[in-house]
Amino acid sequence: MLKFTCKLSIWSTTSGGGKLRLHQKPNTKEVKACRPWLEREIALVKPAVVMVLGTTAAGSVCGRAA
């Protein structure tokens, strides 16, 4: 079984009322705020392997600061 999860999307409202995706690294507070949901999902899914993509994701899963 393959389970894919994208845990962080940061959006900003544009002057025209639409949304604009911001490609910014989340700060430590934002990473910590999402941590309980990630831990709960891992506990429920019980994956054999967790593969992370990117420095921020790796640091979060490995317990390092964002």
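Sequential numbering of the sequence shown, starting at 0, is according to numbering that gives the first Met the number 0.
Glycine residues also receive a C-beta, built at the ideal position from the N, C-alpha and C atoms.
Item                                                                                                                   : Value
Assigned exposure category for VAL49 - 16 Cβ within 10 Å defines buried                                                : exposed
Whole-angstrom C-beta distance between PRO25 and THR54, which should lie under 8 angstroms                             : That pair is no contact at about 11 angstroms.
Alpha helix (DSSP H) segment containing CYS33, residue limits                                                          : 27-44
Own chain partners of SER59 with C-beta closer than 6 angstroms, once the 5 adjacent residues on each side are dropped : VAL30
Contact under 9 angstroms by Cβ, ALA57 with VAL51                                                                      : yes
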